[in-house]
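Novice:
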Amino acid sequence: VTGATLLERLRLGDQAAVSRAISLVENARPGFEELLAAIHPRTGRAQRVGVTGPPGAGKSSLTQALVQQWRRQGITVAVVAVDPSSPLSGGALLGDRIRMEGVALDPGVFIRSMATRGALGGLALATREVCDVLDAAGFDRIVVETVGVGQSELDVVAATDTTILVMVPESGDGIQALKSGLIEVADVLVVNKADRSGADRLIREIGISLELRQGARAEPGWIPPVLATIATEGSGVAEVSAAVEDHHRFLEATGALTARRGTRLARQLHEVVSRSLSRWAWDAAEGARLVADRRADVAEGRVTPYAVAAAAVARLAGAEDPPA
Ligand SMILES: Nc1nc2c(ncn2[C@@H]2O[C@H](COP(=O)(O)OP(=O)(O)OP(=O)(O)O)[C@@H](O)[C@H]2O)c(=O)[nH]1
Ligand SMILES: [Mg+2]
Numbered sequence: 001v002t003g004a005t006l007l008e009r010l011r012l013g014d015q016a017a018v019s020r021a022i023s024l025v026e027n028a029r030p031g032f033e034e035l036l037a038a039i040h041p042r043t044g045r046a047q048r049v050g051v052t053g054p055p056g057a058g059k060s061s062l063t064q065a066l067v068q069q070w071r072r073q074g075i076t077v078a079v080v081a082v083d084p085s086s087p088l089s090g091g092a093l094l095g096d097r098i099r100m101e102g103v104a105l106d107p108g109v110f111i112r113s114m115a116t117r118g119a120l121g122g123l124a125l126a127t128r129e130v131c132d133v134l135d136a137a138g139f140d141r142i143v144v145e146t147v148g149v150g151q152s153e154l155d156v157v158a159a160t161d162t163t164i165l166v167m168v169p170e171s172g173d174g175i176q177a178l179k180s181g182l183i184e185v186a187d188v189l190v191v192n193k194a195d196r197s198g199a200d201r202l203i204r205e206i207g208i209s210l211e212l213r214q215g216a217r218a219e220p221g222w223i224p225p226v227l228a229t230i231a232t233e234g235s236g237v238a239e240v241s242a243a244v245e246d247h248h249r250f251l252e253a254t255g256a257l258t259a260r261r262g263t264r265l266a267r268q269l270h271e272v273v274s275r276s277l278s279r280w281a282w283d284a285a286e287g288a289r290l291v292a293d294r295r296a297d298v299a300e301g302r303v304t305p306y307a308v309a310a311a312a313v314a315r316l317a318g319a320e321d322p323p324a
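To convert, note that position 231 of the sequence shown is 231 in this note's numbering; the numbers rise steadily by one, no gaps.
Shown next as structure tokens:
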């Protein structure tokens, strides 16, 4: 694999090259940072949209319907499905989660799933970097689908320009979303499965919570619309798409897009430097060996984790500034 060829093919939007580049980045394999550095100047063009909400709410169904709508408008779309909650399920479940037969064969659509990346840096950073690859590959829009209503989802959606929160009538989602704080980061609220009873009530509840929480929202001046959909039938999807466009125009007009992207880049800078420093320090202090050697001592109470950590730092300090 020559990096130059991969980069060249990535720039042309070659799907096999996109896949290879994503694997490299996702698994932090040697050369991934060089690749990301090379594409960095070409990022920032794609519109990034997060779709989040509880399991089974219809996120993938809505995403598929949006993708179909956008393709009819000639917009190219990449979809990244992220599952922060299940390190064990790996690809199989994720594969199910984003089965999108209707769009899978279209070369203007790219679909990929990601599971928790165990090592340094974390899932939110890895997701952002995968989005950067897709951005550099020239996709107009990138959808990040993430399941759940916790802190990891908040971190993942923080990497997007516009966040759609999908809820369903029957499961007390409104309450959950309120508790989790997701409703405060949502730019567009969707009550899916509006063919089931209780949709109107949930819409009213969300409306009330939004009013109560006005002060807590990230973007003063934007009132998140609450829209009903039946994703599987495509009903209400055009309205969701229009709301995404409206929000994007709002962000552009108010300068909030630049601000959001600035915040995102600052955070990425911090995390990227932190990951490199951490990897360097682990290597230099032979951290893995130290931890393995002292595990039994810690388990049996002969030494504390803190003493081992202090010893690791002392090793590095010694290497940097050898005693006379
Ligand atoms: N009745 C009804 N069923 C729907 C609707 N939207 C989705 N479904 C069904 O709900 C189930 C879950 O839909 P998905 O789109 O996979 O939901 P998801 O939120 O992506 O699910 P996970 O990724 O597994 O969390 C599927 O069986 C869909 O066919 C809807 O508007 N009405
Ligand atoms: Mg899904």
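Ideal placement from N, C-alpha and C gives every residue a C-beta, glycine not left out.
For I230 and K193, which I take to be in contact (beta-carbon distance under 8 angstroms), what is that distance rounded to the nearest angstrom?
Specialist: With a contact defined as Cβ atoms closer than 8 angstroms, I230 and K193 qualify at about 7 angstroms.
Novice: Would you report the Cα separation of L12 and F139, rounded to the nearest angstrom?
Specialist: 11 angstroms
Novice: Just to confirm, does A296 get its C-beta within under 6 angstroms of one of the non-hydrogen atoms of ligand 1?
Specialist: no
Novice: Starting from the C-beta of G221, find all residues in its chain whose C-beta is less than 8 angstroms away, skip the five residues before and the five after it, and write them out in chain order.
Specialist: F250, T254
Novice: Hey, how far is the Cα of V308 from the Cα of R295?
Specialist: 9 angstroms
Novice: From F32 to I203, what distance separates their C-alpha atoms?
Specialist: 44 angstroms
Novice: I'd like to know whether the C-beta atoms of I206 and V188 end up nearer to each other than 7 angstroms.
Specialist: no
Novice: If you draw a straight line from the C-alpha of I183 to the C-alpha of T160, how long is it?
Specialist: A straight-line Cα-Cα distance of about 15 angstroms links I183 and T160.
Novice: Keeping to the same chain, check which residues put their C-beta closer than 8 angstroms to that of P162; ignore five residues upstream and five downstream.
Specialist: Note on residue identity: the sequence assigns Thr, not Pro, to residue 162. Taken in chain order, the residues that qualify are Q47, R48, V49, G50, D187, V188, V244, H247, H248, L251.
Novice: For my contact list, A78 and I142 are in at a C-beta cut-off of 8 angstroms; report their separation, rounded to the angstrom.
Specialist: 5 angstroms
Novice: Just grab the DSSP bridge partners of I142 for me.
Specialist: R48, A78
Novice: Tell me whether G74 is buried or exposed, calling it buried when 16 or more other Cβ atoms sit within 10 Å of its Cβ.
Specialist: exposed
Novice: Distance check for D155 and S23, CA to CA, integer angstroms please.
Specialist: About 21 angstroms.
Novice: Excluding the 5 residues flanking G181 on each side, which residues of the same chain have their C-beta closer than 8 angstroms to its C-beta?
Specialist: L154
Novice: Alpha carbons only, please: which of Q268, S276, R279 is nearest the one belonging to C131?
Specialist: When C-alpha distances from C131 are compared across Q268, S276, R279, the shortest belongs to Q268.
Novice: Looking at V144 and V80, is the spacing between their C-beta atoms short of 7 angstroms?
Specialist: yes
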